[in-house]
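**Q** Just so we're aligned: the sequence shown equals residues 1 to 263 in the numbering used here. Ideal placement from N, C-alpha and C gives every residue a C-beta, glycine not left out. One structure coming up, written as structure tokens, with questions to follow.
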Amino acid sequence: MSNRIVITSGKGGVGKTTVTAGLGIALASRGLSTLLIDGDVGLNNLDVVMGMENRVAYDMADVLAGKCRVGQALIQESGMPLYIMPSAHAMYSEQIKSGDFRTLIMRLDHDFDYILIDCPAGIEGGFHRSVSACEYAVVVTTPHVSAVRDADKVLNLIGSYDIKGVSLVVNRVRGDLLARGEVMTPADISSVLRYPLLGVVPEDDAITVYSQLGRLALSDGESGKSFTMIASALVSGSRKLYDPTDRYRGVIGYLKSRLRKNA
Ligand SMILES: Nc1ncnc2c1ncn2[C@@H]1O[C@H](COP(=O)(O)OP(=O)(O)OP(=O)(O)O)[C@@H](O)[C@H]1O
Ligand SMILES: [Mg+2]
């Protein structure tokens with residue numbers, strides 16, 4: 001039986017799709033069969049972020065319309081047990097009923113160790129559909145006040161669903177700002193929101209650059225390390241969190257931090 005996890009946020013653009021893809025790669029790298037589902041009907045980009053959009057033959061709409069078998073709509077990342085089900089490109093969000101979406105996810109439940117659903121921005125139908133199909137929720141925020149405030153709103157909303165566990169991922173954390181005490185720490189955010197931290201992901205230029213090229217550099221580099229740690233937290237309950245300030249400690253770190261400040 002899989003762990004069905006919805007990756008959501010209050011504010012849009014804080015990194016749901018990035019975290020879904022990075023965590024999916026990290027779980028599959030441990031040999032765990034993982035399915036990523038794009039909950040963003042009509043406006044999806046998980047397949048683009050994963051560089052798989054040219055391999056999409058069938059999507060969720062085709063499965064729901066009975067035009068193909070569910071297995072035909074899954075694209076596998078080569079060399080690892082990682083699969084993606086692209087969202088329904090040719091449908092409007094309102095055309096996909098929550099019940100049908102949930103039935104589809106439940107049919108796949110026994111075939112995977114983890115199913116991650118990349119929730120669409122906002123709290124309309126797509127949010128309801130994605131959260132209703134899951135048993136766990138991960139709320140992504142950044143250390144910005146507006147994102148934290150919106151995370152609080154969405155956490156309240158999640159409270160009205162039948163969800164077993166909720167945790168937080170703080171994304172785009174800059175180690176230099178954190179080391180200088182210029183932004184809220186992930187621990188502060190967790191205590192303000194009153195939910196446990198599952199992980200911390202650093203601001204990583206590689207993510208910005210590669211996402212523009214339609215590929216993610218999520219399995220290596222600093223963000224890759226952070227996703228590996230999040231996978232460990234999920235799988236084995238490890239409490240180790242990525243520390244973005246590591247690189248800004250000591251004399252060399254201090255100089256790096258000054259250089260970034262003046263850049
Ligand atoms: N840790 C990071 N470091 C650098 N860039 C990042 C990081 N996380 C996300 N980004 C960039 O921020 C942008 C938004 O990320 P993403 O698409 O994952 O957010 P989202 O929450 O899924 O957005 P939406 O609400 O529109 O679905 C992308 O260009 C992505 O490359
Ligand atoms: Mg997204």
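Starting from residue 184, follow its DSSP beta bridges and name the residues at the other end.
**A** Residue 184 is not bridged to any residue.
**Q** How would you call residue 259, buried or exposed, if buried means at least 16 neighbouring beta carbons within 10 angstroms?
**A** By the neighbour-count rule (16 or more Cβ atoms within 10 Å), residue 259 is not buried but exposed.
**Q** Is it buried or exposed, residue 65, if we count other Cβ atoms within 10 angstroms and call 16 or more buried?
**A** Classification of residue 65: exposed, given that the 10 Å Cβ count is below 16.
**Q** Verify whether the separation of the beta carbon atoms of residue 9 and residue 141 is less than 9 Å.
**A** Yes, the Cβ-Cβ distance between residue 9 and residue 141 is below 9 Å.
**Q** Would you mind reading off the limits of the beta strand (DSSP E) that contains residue 142?
**A** Per DSSP, residue 142 belongs to no beta strand (DSSP E) and is neither H nor E.
**Q** Looking at residue 231: is its Cβ nearer than 9 Å to the Cβ of residue 30?
**A** A contact, by the Cβ cut-off of 9 Å.
**Q** Just the C-alpha distance for residue 250 and residue 179, rounded to the nearest angstrom, thanks.
**A** Whole-angstrom Cα-Cα distance: 11 Å.
**Q** Just the Cα atoms here: how many angstroms apart are residue 87 and residue 255?
**A** So the two alpha carbons sit approximately 46 Å from each other.
**Q** Using a Cβ distance threshold of 8 Å, determine whether the segment 10 to 21 contacts the segment 198 to 211, with at least three qualifying pairs required.
**A** The answer is yes - the segment 198 to 211 touches the segment 10 to 21, with three or more Cβ pairs under 8 Å.
**Q** Would a C-beta distance cut-off of 9 Å place residue 132 and residue 168 closer than the cut-off?
**A** Not in contact: residue 132 and residue 168 (Cβ atoms no closer than 9 Å).
**Q** State the DSSP-derived secondary structure class of residue 7, mapped to helix, strand or coil.
**A** Note: residue 7 maps to strand in three-state DSSP.
**Q** With three or more C-beta pairs closer than 8 Å as the rule, is the segment 111 to 130 touching the segment 23 to 37?
**A** Yes, they touch.
**Q** Taking 8 Å as the line, does the beta carbon of residue 146 fall inside it for any heavy atom of ligand 1?
**A** No.
**Q** Does ligand 1 have a heavy atom nearer than 8 Å to the CB of residue 18?
**A** Yes, since a heavy atom of ligand 1 falls inside the 8 Å radius drawn around the Cβ of residue 18.
**Q** So residue 167 is in the beta strand (DSSP E); what residue range does that whole segment cover?
**A** First-last of the beta strand (DSSP E) with residue 167: 165 to 173.
**Q** Should residue 208 be listed as close to ligand 1, given that the test is whether its C-beta is under 8 Å from any heavy atom?
**A** Yes - ligand 1 has a heavy atom lying nearer than 8 Å to the Cβ of residue 208.
**Q** Do residue 223 and ligand 1 come close, with the Cβ less than 8 Å from some heavy atom?
**A** The answer is yes for residue 223.
**Q** What I want to know is whether the C-beta of residue 45 ends up closer than 8 Å to one or more non-hydrogen atoms of ligand 2.
**A** Yes, ligand 2 has a heavy atom inside 8 Å of this Cβ.
**Q** Just curious, the alpha helix (DSSP H) that residue 228 is in, first and last residue?
**A** It spans 221 to 236 - the alpha helix (DSSP H) in which residue 228 sits, taken as one unbroken run.
**Q** Would you say residue 246 touches ligand 1, meaning its beta carbon is less than 8 Å from a heavy atom?
**A** Every heavy atom of ligand 1 is 8 Å or more from the Cβ of residue 246, so no.
**Q** Can you tell me whether DSSP reads residue 124 as helix, strand or coil?
**A** Three-state DSSP puts residue 124 in coil, outside helix and strand.
**Q** Would you mind working out which of 194, 125, 101 sits nearest residue 166, comparing C-alpha positions?
**A** Nearest C-alpha to residue 166: 194.
**Q** Ordered along the chain, which non-local residues of its own chain (more than five positions away) have a Cβ less than 6 Å from that of residue 130?
**A** If we look at residue 130 and ignore the five residues flanking it on each side, its Cβ neighbours are 6, 39, 117, 119.
**Q** Per DSSP, residue 137 forms a beta bridge with which residues?
**A** Answer is 6, 166, bridged to residue 137.
**Q** In its own chain, which residues sit with a C-beta less than 7 Å from the C-beta of residue 59, not counting the 5 before and 5 after it?
**A** 73, 86, 87, 88, 89, listed in sequence order.
**Q** Can we count residue 118 as close to ligand 2, meaning its CB is less than 8 Å from some heavy atom?
**A** Yes, since a heavy atom of ligand 2 falls inside the 8 Å radius drawn around the Cβ of residue 118.
**Q** DSSP three-state label for residue 115, please.
**A** The answer is strand: DSSP assigns residue 115 an E or B state.
**Q** Can you tell me whether DSSP reads residue 96 as helix, strand or coil?
**A** Residue 96 falls in the coil class under three-state DSSP.
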